[in-house]
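>
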Amino acid sequence: MPKVAIVTGAGSGIGQTVSHRLASEGWSVAAADLNAEAAALTAKQISNAGGSVHAVAVDIASAESCATMVSASVARFGRVDALVNCAGISKPGDSLTYSKADWEQMIAVQLNGTFFTAQAVGRQLVQQGGGGALVFISSTNAEAAFPRRAAYCAAKAGVAMLTKVLAVEWAAHGIRVNAVGPAYVETEMTLRNIAAGNVSREAIERRIPLGRLARPGDVADAISFLLSDRASFITGHSLYVDGGWLAYGYL
148 MPKVAIVTGA GSGIGQTVSH RLASEGWSVA AADLNAEAAA LTAKQISNAG GSVHAVAVDI
208 ASAESCATMV SASVARFGRV DALVNCAGIS KPGDSLTYSK ADWEQMIAVQ LNGTFFTAQA
268 VGRQLVQQGG GGALVFISST NAEAAFPRRA AYCAAKAGVA MLTKVLAVEW AAHGIRVNAV
328 GPAYVETEMT LRNIAAGNVS REAIERRIPL GRLARPGDVA DAISFLLSDR ASFITGHSLY
388 VDGGWLAYGY L
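Offset between the sequence shown (1-based) and the working numbering: plus 147.
(1) Does the structure place the segment 321-328 close enough to the segment 237-256 that three or more beta carbon pairs sit under 8 Å?
(2) What number of angstroms, rounded off, separates the C-alpha of residue 219 from the C-alpha of residue 183?
(3) If we ignore side chains and look at the alpha-carbon of each, how far apart do residue 148 and residue 200 end up?
(4) Look at residue 351 and residue 360 and say whether their C-beta atoms are less than 8 Å apart.
(5) Quick check on the DSSP output: what are the complete beta strand (DSSP E) runs of length 3 or more inside the segment 247-276, in order along the chain?
(6) If I follow the unbroken beta strand (DSSP E) through residue 329, where does it start and stop?
(7) Terminal residues of the continuous alpha helix (DSSP H) containing residue 155?
(8) Comparing C-alpha positions only, which one of 202, 306, 328, 311 sits nearest to residue 154?
(9) Where do the N-terminal and C-terminal ends of the beta strand (DSSP E) with residue 201 fall, by residue?
(10) Name the one or two DSSP bridge partners that residue 282 has.
(11) So which of 363, 387, 230, 238 has the shortest CA-CA distance to residue 344?
(12) Taking all protein chains shown into account, decide if residue 373 is buried (16 or more other Cβ within 10 angstroms of its Cβ) or exposed.
(13) Find the nearest neighbour of residue 216 within the set 294, 289, 263, judged by alpha-carbon distance.
(14) Whole angstroms are fine: how far does the CA of residue 206 sit from the CA of residue 278?
(15) Could you pull out every unbroken beta strand (DSSP E) segment of at least 3 residues lying fully inside the segment 340-371, listed in chain order?
(16) Grab the span of the alpha helix (DSSP H) containing residue 185 for me, first residue to last.
(17) With 8 Å set as the bound, which would you pick, yes or no: does the beta-carbon of residue 275 sit closer than that to a beta-carbon of chain D?
Written out as structure tokens, the structure is:
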């Protein structure tokens, strides 16, 4: 029987690429997204390629919605073996004028949503008898500060610590928890920020020692490894897929 992975943010960007990658490796995929139409499109693409997939609508900022997502996935596939939490948003802004609503939304999605999805999947894994693996999308901003990203950096730092806490807490159940922290990834969200003038592609590429933005496939490679048996003794870590960003201290 194929293993089952829930992938949030599956309608676009990293989540979409990860969904396709896992399906191509033989996983059954619950493709979850706030945008139900986008999730359905990803599911259709995977199905057309011969993969096993089910589309699920989810608002990860809602614990109830996350629980429903897991229930729907179990109803379709009979079990859950892994979670890849890719859902996220980006709202940069000056910290002096950043609104309460924007701050709360960023924390609700990036940090609370990571916990709610993990909790819902963790409960199911324990109910099944334990085992399984969770991977969260973190960021180099969990380690490195960046102007106009107060909420984002704070949330991602929280995700990095949440990864460690859940890893040591749930190890007794055989559940592994890790994170993947990319630098800038060439996704629609990043390209929108570049187009809006929030960041400069040229400056980013100069800053990254390997000289390019990450590709969604680079992140999918890391996630595929962390979910595999090759990573069976790896838990509580953030794997930075950053082209050397964090290693290079010069700004």
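Here a beta-carbon is modelled for each residue, glycine too, at the ideal position from N, C-alpha and C.
Values in this document were obtained by computation on a predicted structure and should not be read as measured data.
Put simply:
(1) no
(2) 14 Å
(3) 14 Å
(4) yes
(5) none
(6) 323-329
(7) Where residue 155 is concerned, there is no enclosing alpha helix (DSSP H), although the beta strand (DSSP E) it sits in stretches over 151-155.
(8) 202
(9) 199-204
(10) 231, 325
(11) 238
(12) buried
(13) 263
(14) 25 Å
(15) none
(16) 183-195
(17) In summary, chain D is missing from the structure at hand, where a single protein chain is found.
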